[in-house]
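To start, the structure itself, in C-alpha cells.
Chains as they are written, first to last, in the working numbering: chain A, 1 to 584; chain B, 1 to 584.
Below, the structure written as C-alpha cells:
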C-alpha cells in the first residue's frame with residue numbers, strides 16, 4: 001500500500017515539481033500493457049516508477065542504461081520458501097541475479113511445524129528484504145487431518161486473520177479432496193478469501209472429468225500441477241489459470257508450452273512458478289528467467305513470455321497496481337538485459353535500488369533473527385532404534401505396496417511387489433531397487449512410525465533422511481537397512497532438522513536445517529556446498545535421482561497420487577484413507 | 001458472493017450427484033480463457049454454470065442450442081444508469097436483447113441529487129433485475145465543490161461505506177483536478193479502494209504529458225475518455241486500461257480500434273463502455289453488441305472482440321470469478337448467436353433463465369417502487385421569469401466566451417465572439433448559431449443562475465432544457481430568447497424533472513423524468529416515443545444535433561474541457577475556477 005504522503009510525493013515528482021531520485025536513460029522499455037518496445041528513460045521516486053518515458057524530467061541521479069532492454073522484475077507465482085532451504089534473508093543472493101523480484105509464497109511448511117507463531121516468525125524480515133514476498137495463505141494446515149501428525153495448525157479463524165494482512169494475495173493451494181468432500185471449514189475459507197477480493201489457488205493434481213469440474217466449481221482460480229498440455233488446456237477451458245511449474249523434481253514447462261505454441265492457445269492466463277526448487281539448481285540453472293528463456297526457445301515471442309512472468313501474474317493475483325509492469329506508481333523492480341531472446345539480467349533494481357550489477361548481487365542482506373524456540377522443534381519419541389523400523393510378517397514372502405517414483409514428476413504410481421521375509425521381518429530388495437521408507441513423528445506427540453516401501457532411489461547401501469517431509473514435516477527416511485535408518489533419525493534430532501546420509505554407521509553427508517527443521521540461516525554458498533556434497537555422497541552409494549532430498553521430501557505427501565506415507569501409515573490418496581502396507 | 005449451501009449444491013451437481021437444472025446442448029462454446037471454439041453443452045445449476053462441456057451430465061431440462069455459438073454475456077464497463085432515462089427495473093427490455101448482462105454503473109447522478117439515500121433508493125431492485133449491476137462508487141459528489149450547487153453529496157465516510165458493499169467493484173471515475181491538486185479527500189478515497197482490493201477508475205479527459213503521468217501515479221487504473229488511438233496508446237503505455245466508449249454523443253471506437261488493428265496493439269487491457277447512451281439509440285443501433293460487431297468489422301478477430309466485451313473487463317474489475325466467461329461457478333449469463341462475425345443475440349440467458357427468445361425480451365420486469373420524496377426534487381427559487389436570464393452590458397457590443405461544441409465528442413472549445421447589445425442586454429446571434437445557455441439551481445437552495453453562450457445547437461427559435469445536467473443536475477437551458485427559456489424552467493418544475501422544448505410560449509415536446517429529475521418509470525417504448533418526438537420537434541426548429549438532450553446534459557460539465565457552466569457561472573476547466581462570461 002502507498003500512503004497519503006508517499007502518494008503526494010509521487011504525484012509531485014510526476015508533475016515535475018520535485019526532481020526524480022533516479023533516471024535510467026537509454027533503455028528500450030518492454031511495455032507489457034501495450035506490447036510495445038520503445039526507447040525510454042525510467043523515472044523513479046521513493047522506490048516507485050514515475051514513468052518509463054521520463055526524458056523530460058530532472059533527476060538527482062542519472063544512470064546510463066546502455067541501450068539495454070528494461071523488463072519488469074519476474075514473479076514466481078507459487079513457491080514454498082523452505083524448498084530453497086535458505087532463510088528469506090539470504091535468498092536475495094539467489095533470486096535477484098536471476099531477475100526474480102516477487103515471490104508469491106505459501107509458507108505452509110513453517111505453519112505445519114509451528115502454527116501461526118511460526119508463520120509470523122518466518123515473515124519477520126519481510127519489509128527488509130530486497131525482493132517482495134506476498135502470501136498465498138495456507139489453506140490446509142494440517143493437509144490431511146486424521147491422516148498425519150503435525151506440530152502446528154491454522155484453523156479457519158487463523159486463515160481469516162492472515163487473509164486480511166496487506167501482504168495476503170490469495171488462499172493458498174487447496175487440495176481437491178477438501179472441495180470434493182464439501183467440507184465446511186475449507187469452503188468457508190474460500191468464501192472468506194472471495195469476500196476479501198482475493199483469489200483461491202488450486203492444486204488439482206491428476207484430477208480429470210467431473211472431479212475437475214467440481215473442483216473448479218469450488219472457486220479455485222488456477223492450477224500449478226499440470227504436467228502436460230492436455231491437462232493445462234483442460235484447466236484453461238474451465239476458466240482456471242495455469243501456473244506452469246518448473247521445480248527441482250517437477251518439470252512441466254516443455255510439455256505444456258510445446259502445446260501452447262503448436263495450438264496457438266491464448267497465453268493471457270498462463271504464468272510461471274517454481275513451487276519447489278533447491279538452491280543449487282536455482283544457482284546453476286536459474287529461476288523464472290530460466291522459464292522465460294525456455295519459453296522463447298520453444299517458440300513464444302519474447303513479449304508473450306515476459307508477460308507470463310510479469311503482468312499476467314500480477315493481474316491474476318490482483319496486484320497489478322503494485323507490481324508486474326514498468327508503469328506509474330508500481331514498485332521500481334527492473335531488469336536490464338542486453339538480449340531479449342536469451343534474457344540474462346545484467347543489472348537488477350529493487351524498489352529503485354541497484355541490487356545486481358554485472359550479474360552479481362551487490363545488495364545488503366538483513367541479519368536473520370529467529371526466536372530460540374524455532375530452533376528446537378525435533379523431539380523424537382520413537383525412531384531412534386532399528387527395531388522401530390521393523391516390519392513383521394508370517395511366512396517366507398510378503399506382498400507389499402510400493403511407492404513407485406516417476407522421473408521429474410511429483411506424482412507416483414501404486415504398484416505391488418513380493419518381498420522376502422527373513423527372521424519374520426520383511427526386507428528391502430536392492431536388486432529391484434526397493435527400499436524401505438519410514439515416516440517418524442518428530443514433535444514429541446505420539447512416537448508414530450509409518451512404514452512402507454519405495455522404488456526409484458537406486459541406493460545400494462545406507463539410508464537418507466529429511467526433516468522436510470511435506471506437508472507434516474516429520475522425519476522421512478529411506479534405507480537399505482534398519483540400523484542406518486535409525487541412525488538417520490538420531491542424527492536429524494541432533495541437528496534439530498536437516499538432510500542426512502548414513503551408511504554402515506557413518507555419516508557421509510549432512511545439511512543442518514535447524515529453523516523449524518526446514519531452513520538454514522547459513523549463507524547460500526555454504527548450503528549449496530553441503531547440498532552438493534550430500535548429493536554426491538548419495539550418488540556414490542548408487543543413487544540415481546538428480547535431487548534425492550527434494551524427492552524424498554515429497555514422496556510421503558498424503559495429497560499427491562497415488563500413494564503417500566505419513567507417521568500414521570500408508571495413504572491411498574484418491575480414497576483419502578490409510579491402508580495397510582501389505583496387499584490384502 | 002456464493003454462500004456455503006449454494007457452493008455445495010454446485011459441487012454436487014458437478015460431481016453428478018444431483019441433476020443439472022438445465023443443459024443447453026449442441027452449441028459451439030466460445031471459450032475466452034483458452035481461446036478455443038469447440039462443441040459443448042452448457043450445464044447449469046442454481047443459475048450458475050457447472051461446465052460448458054456437460055454432455056455427460058443428467059439434467060432436469062434440456063434445450064437444443066441448434067448449433068449456435070455460446071458467448072458470455074457482455075459487460076458495459078462504465079455507464080451512468082440515468083443516461084438511459086429508464087429506471088433500472090425497465091432497462092432489461094433494452095439491454096438483454098443486445099446481449100448486455102452486466103452494467104458497471106456509477107450512479108453519481110442520483111447521489112448528486114439526493115445523496116446516499118438517493119443512491120440506495122436507485123439500487124432497491126438490484127437483486128430482482130435480470131441483468132447485473134455492479135457499482136463504480138462515485139468518487140466526487142459534488143464533482144466541483146465550490147463551483148456548483150448540488151442536492152446531495154457523498155463524503156469520504158459515505159464512499160468508504162459503499163466501497164465495502166459486495167456490489168462495489170471500484171472507485172468511480174475520479175477527475176484529474178482532484179489528483180493533480182493532491183487533495184486529501186480524494187487521495188484517501190483511492191487509498192481506501194486499494195486497501196479493499198478494488199481498482200480506481202480514471203477519467204483523464206484531454207490530459208497529456210506530465211499531467212497524465214501524475215494522474216496515473218494517483219492510482220487510477222483506466223481511462224474511458226480516449227478519443228483516438230494516440231490517446232489510447234498513451235494510456236496503455238502508462239499501465240492504464242482503456243475502456244473504449246461509444247455513447248450517444250461520444251463516439252471513440254473507430255479511431256481507437258483502427259489504430260489497434262493497424263499497430264497490432266495488445267488488446268488484453270482494452271474493453272468497452274457506453275458511458276451515456278440514450279434509449280432510442282440503444283434500441284436502434286445497439287449496445288455493447290454494436291461495439292463488438294464494429295470491432296470485428298474493423299479487423300479484430302471475433303475472439304479478441306468478444307474477450308474485450310467479457311473476460312478482459314471481468315479481470316480488470318476483479319470479478320472474473322463471478323462473470324465474464326462460461327466457466328464453472330460463474331453466473332450462467334449466456335448469449336446464443338448464429339453468426340460470430342455479426343453477432344445478433346438470438347437467445348439470451350441470465351442466471352440460467354431464458355430472458356430473450358428469437359431476439360425478443362421475454363423476461364418479467366420488477367415493479368418500480370421509489371420513495372415519494374424522490375419524486376419531489378425540483379424546487380425553483382429563481383429562473384421562472386425571463387428577467388432571470390438577462391445579461392446586462394454597457395455599449396453596443398460585448399465580447400463573450402462561447403462553449404463551442406465538437407461533433408460526437410464530449411469536449412468543447414473555448415472561443416470568443418462579439419455579440420450585439422440591445423436595450424442594455426446581450427442577445428444571441430442565430431445567424432452564427434450562438435444561443436444563450438443558462439444553468440438554474442433547482443434544489444431550492446440559493447436561486448443561482450449561471451449564464452453564458454453556446455454554439456452548435458442550430459436552433460432558429462425557442463429553447464430546450466433538461467434537469468439532467470452533469471454532474472450537479474440543476475436545470476440547463478439553451479435558447480434563442482429569454483421568455484422561452486424561463487418557460488422551459490417552469491415546465492420542468494411542473495414535471496419535477498425531464499426534457500422540454502418550448503417555442504413562442506408553446507410546449508412542443510416533453511419527456512418527464514420525475515425520479516430525481518433523472519429517470520422515468522414509464523415503459524421503455526413510451527420513453528423512446530417521447531424522446532423521438534421531442535428530438536423531431538427540435539429538428540423542426542432548425543436543430544442539427546443528433547442527440548440534443550444528451551449534448552445539453554453534458555455541455556455544462558465543470559470537469560470536461562475547455563469550458564463548463566454551473567449555477568455559479570462559467571468554469572474554466574483546466575484552471576478549475578469560475579470566470580466571467582465576458583472576455584476581459
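Where is the CB? At the ideal position from N, CA and C, for every residue including glycine.
Just so it is clear, the structure is predicted and the values come from calculations on it, not from any experiment.
For residue j and residue i, the rounded distance between their alpha carbons
i                      : j                      : result
residue 574 of chain B : residue 348 of chain A : 40 angstroms
residue 467 of chain B : residue 181 of chain B : 30 angstroms
residue 415 of chain B : residue 580 of chain B : 13 angstroms
residue 278 of chain A : residue 522 of chain A : 15 angstroms
residue 247 of chain A : residue 554 of chain A : 12 angstroms
residue 503 of chain B : residue 432 of chain B : 19 angstroms
residue 354 of chain B : residue 474 of chain B : 40 angstroms
residue 478 of chain A : residue 132 of chain A : 36 angstroms
Residue interval of the beta strand (DSSP E) (run including residue i)
i                      : result
residue 422 of chain B : 412 to 422
residue 29 of chain A  : 22 to 30
residue 399 of chain A : 397 to 405
residue 453 of chain A : 449 to 455
residue 76 of chain A  : 74 to 79
Contacts that residue i makes with chain A (C-beta to C-beta distance below 7 angstroms)
i                      : result
residue 164 of chain B : Result: empty, since nearest Cβ-Cβ is about 10 angstroms, beyond 7 angstroms.
residue 328 of chain B : 213, 216, 217, 238 and 239
residue 315 of chain B : 315
residue 157 of chain B : None at all; the shortest Cβ gap to chain A is about 16 angstroms.
Under 8 angstroms from the C-beta of residue i: neighbouring residues of chain B
i                      : result
residue 131 of chain A : Those within 8 angstroms of residue 131 of chain A in chain B number zero; the least Cβ separation is about 21 angstroms.
residue 487 of chain A : None at all; the shortest Cβ gap to chain B is about 48 angstroms.
residue 198 of chain A : 197
residue 8 of chain A   : 182 and 187
residue 410 of chain A : Near residue 410 of chain A there are no residues of chain B at all, since even the closest Cβ is about 24 angstroms away, more than 8 angstroms.
residue 580 of chain A : Result: empty, since nearest Cβ-Cβ is about 28 angstroms, beyond 8 angstroms.
residue 35 of chain A  : 264, 265 and 266
Spatially closest choice to residue i from the options, by CA coordinates
i                      : options                       : result
residue 168 of chain B : B/197, B/137, B/181 and B/177 : B/137
residue 320 of chain B : A/422, A/272 and A/194        : A/194
residue 333 of chain B : B/60, B/98 and B/83           : B/98
residue 306 of chain A : A/271, A/329, A/327 and A/298 : A/271
residue 95 of chain A  : A/290, A/38 and A/1           : A/290
residue 441 of chain A : A/11, A/54 and A/113          : A/113
residue 67 of chain A  : A/567, A/74, A/39 and A/382   : A/39
residue 409 of chain A : A/444, A/179, A/226 and A/56  : A/226
residue 237 of chain A : A/130, A/253, A/453 and A/209 : A/209
Chain A residues whose Cβ lies nearer than 8 angstroms to that of residue i
i                      : result
residue 31 of chain B  : 236 and 237
residue 179 of chain B : 11
residue 140 of chain B : Simply none; closest approach about 17 angstroms.
residue 191 of chain B : 1, 2, 3, 4 and 7
Where the alpha helix (DSSP H) through residue i begins and ends
i                      : result
residue 176 of chain B : 176 to 180
residue 489 of chain B : 482 to 495
residue 553 of chain A : 548 to 554
residue 235 of chain A : 229 to 237
residue 226 of chain B : Element bounds for residue 226 of chain B: n/a, residue is neither H nor E.
residue 118 of chain B : 108 to 122
residue 302 of chain A : 302 to 309
Within chain B, partners of residue i - CB distance below 7 angstroms
i                      : result
residue 51 of chain A  : 213 and 238
residue 269 of chain A : 33
Residues that residue i contacts on chain A, provided the C-beta gap is smaller than 9 angstroms
i                      : result
residue 351 of chain B : By Cβ distance, chain A contributes nothing, its closest Cβ being about 16 angstroms from residue 351 of chain B, past 9 angstroms.
Sufficient close CB pairs (3 or more, under 8 angstroms) joining the segment 540 to 560 of chain B to the segment 112 to 121 of chain B: no
Please confirm if the segment 49 to 59 of chain B is in contact with the segment 209 to 218 of chain A, defined as three or more CB-CB distances below 8 angstroms between the two stretches. yes
Quick check: the segment 486 to 502 of chain B against the segment 373 to 390 of chain B, are at least 3 beta-carbon pairs closer than 8 angstroms? yes
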